[in-house]
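Here is the structure we will look at.
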Amino acid sequence: MEICKKINQKYLNENPSKNAISIDYNGIKIEYTSNQYKAVPEGYKPTEEEKELEDKGILQIGYGSEETKVSQNQSVTWYEDGISYCILNRDYTELS
């Protein structure tokens, strides 16, 4: 199982997320994504609708949870000066 993957600008350019919004800021490509994450027990069979949402990059299903739990994820990713950055938000919806 691969947990970490070397990410560089070439990888980000060649493997954009399916539902990503990208902008260029001072020559740096910044990518924003938002999707729903559904943790499910082993043996869970996704519905046809869930399969379609997975294909669009709107839903990600993770197997191995004791119970079904749904969360909303957002991320901002960029590569700068040899370092890849990712800010991940899971279910935080309040601004202060």
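Residues 1 to 96 (the UniProt record's numbering) make up the sequence shown, in order.
For every residue, glycine included, the Cβ atom is placed at its ideal position computed from N, Cα and C.
Owing to the predicted nature of the structure, the values given are computational and were not obtained by experimental measurement.
Check                                                                                               : Outcome
Counted within 10 angstroms of its Cβ, other Cβ atoms place GLU26 as buried (16 or more) or exposed : What sits at residue 26 in the sequence shown is Asn, not Glu. Classification for ASN26: exposed.
One or two residues paired with LEU88 in a DSSP bridge                                              : SER75
Between the CA atoms of ILE28 and SER84 - distance to the nearest angstrom                          : 11 angstroms
Assigned secondary structure, GLU54 (DSSP; H/G/I helix, E/B strand, else coil)                      : helix
CA nearest to the CA of GLU48, picked from LYS56, GLU67, ASP81                                      : LYS56
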